[in-house]
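J.: Dropping a structure here in structure tokens format, bear with me for questions.
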Ligand code: PEP
């Protein structure tokens, strides 16, 4: 296990926050604060903000991501956005399988797999989210559950395509609740995900894949979480909406 073999990625998930003008302003605020960061910095913005975000990050080290995409290229899917559309705009990353999509919008492991494949086939980088509900943790099934979510999401994903996949372990009970997993809990589950990748793709792939932690990560707890051997970055919700807080997490990841 060697952290130097993989990229540290700090990604903000803005969720359904910020209008286009607010998005442009927030990126302008973040830009100077993360300049020269020694990690990948990504902002995953609402669909309607993508255009201004892509313009705003030009000549900076910030990358732009979307928060979901459909699995078909085009067709009668009212309200959906395809990976082809994202790619043409210049979007680089897309979050797939966030627990809010699974909980509120009927996303399943099977549709997560379909969206993952479609995004990868279009050349997008995928931030694939997995994680357990509190009840599942209390039932003692976290290990089996995240391994299963990971396996199903990656079905038919080639070893080459896996290089464009980041996995975000996000315990649902820690998202937006202010309850963070302990550094040990985050490291343990990230290690289980890495072991799952090793079983599926071998040691080199497991050593090389970036596995983030997400769930109430903030400026105060980022250093400890990011110091864990299996934690290669963070997917940040609430704290990514404040330039100073997001930049502090980027700084913690850059040491
Ligand atoms: C998220 O939405 O991916 C997330 C981790 O949110 P928060 O940081 O607000 O818990």
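In our numbering, the protein residues as written are 2 to 256.
For glycine and all other residues, C-beta sits at the position ideal for the given N, C-alpha and C.
#1: Can you grab the Cα-Cα spacing for the pair residue 58 / residue 9, in whole Å?
#2: In angstroms with no decimal places, state the Cα-to-Cα distance between residue 30 and residue 114.
#3: Let me know the secondary structure DSSP gives residue 150 once reduced to three states.
#4: Could you compute how far the alpha carbon of residue 122 sits from the alpha carbon of residue 157?
#5: Are the segment 10-30 and the segment 43-54 in contact at 8 Å, needing three or more beta carbon pairs?
#6: On the DSSP letters alone, give me the boundaries of the beta strand (DSSP E) that residue 41 sits inside.
#7: With respect to 8 Å, is the separation between the Cβ of residue 121 and the closest non-hydrogen atom of the ligand PEP below this value?
#8: Does the beta carbon of residue 129 fall short of 8 Å from some heavy atom of the ligand PEP?
#9: Could you say if the segment 93-106 and the segment 169-178 meet the contact criterion of at least three C-beta pairs nearer than 8 Å?
#10: Which of the three DSSP states, helix, strand or coil, is assigned to residue 32?
#11: One question on the structure: do residue 178 and residue 226 come within less than 9 Å of each other, judged by their Cβ atoms?
#12: Since residue 191 is in the alpha helix (DSSP H), which residue starts that stretch and which ends it?
#13: Any beta carbon from chain D within less than 9 Å of residue 8's own beta carbon?
#14: Could you please give the first and the last residue of the uninterrupted alpha helix (DSSP H) stretch that includes residue 250?
#15: Go ahead and label residue 17 buried or exposed: buried means 16 or more other beta carbons lie within 10 angstroms of its beta carbon, across all protein chains shown.
#16: Below 9 Å between beta carbons: does that hold for residue 38 and residue 254?
#17: From the DSSP output, in three-state form, read off residue 122 for me.
#18: Quick check on residue 19: does DSSP put it in helix, strand or coil?
#19: Quick one, are the C-beta atoms of residue 176 and residue 101 less than 9 Å apart?
#20: Can you tell me where the alpha helix (DSSP H) holding residue 105 begins and where it ends?
#21: Ignore the nearest five residues each way along the sequence and tell me which others in residue 266's own chain have a CB closer than 6 Å to its CB.
T.: So, from the data block:
#1: In this structure, the CA atom of residue 58 is about 19 Å from the CA atom of residue 9.
#2: If you take the alpha carbons of residue 30 and residue 114, they lie about 35 Å apart.
#3: Collapsing the DSSP output to three states places residue 150 in a helix.
#4: Going from the Cα of residue 122 to the Cα of residue 157 covers about 11 Å.
#5: Taking a cut-off of 8 Å for Cβ pairs, the segment 10-30 and the segment 43-54 touch, as three or more such pairs fall below it.
#6: Going by DSSP, residue 41 is part of the beta strand (DSSP E) stretching over 41-45.
#7: It does not: the Cβ of residue 121 is nowhere closer than 8 Å to a heavy atom of the ligand PEP.
#8: The beta carbon of residue 129 sits no closer than 8 Å to any heavy atom of the ligand PEP.
#9: Touching, yes.
#10: In the three-state reduction of the DSSP assignment, residue 32 falls in the helix class.
#11: Their beta carbons are not under 9 Å apart, which means residue 178 does not touch residue 226 by this criterion.
#12: Taken as a continuous stretch (DSSP letters only), the alpha helix (DSSP H) holding residue 191 covers 184-202.
#13: In the displayed structure, chain D is absent; only one protein chain is listed.
#14: Residue 250 -> alpha helix (DSSP H) spans 244-254.
#15: The residue in question, residue 17, is exposed, as its Cβ has fewer than 16 Cβ neighbours within 10 Å.
#16: Judged by beta-carbon spacing, residue 254 lies within the 9 Å limit of residue 38, meaning their Cβ atoms are closer than that value.
#17: The answer is helix: DSSP assigns residue 122 an H, G or I state.
#18: Taken through DSSP and simplified to helix, strand or coil, residue 19 comes out as coil.
#19: A contact, by the Cβ cut-off of 9 Å.
#20: From DSSP, the alpha helix (DSSP H) with residue 105 extends over 100-105.
#21: This structure leaves residue 266 out entirely; the chain is present only between 2 and 256.
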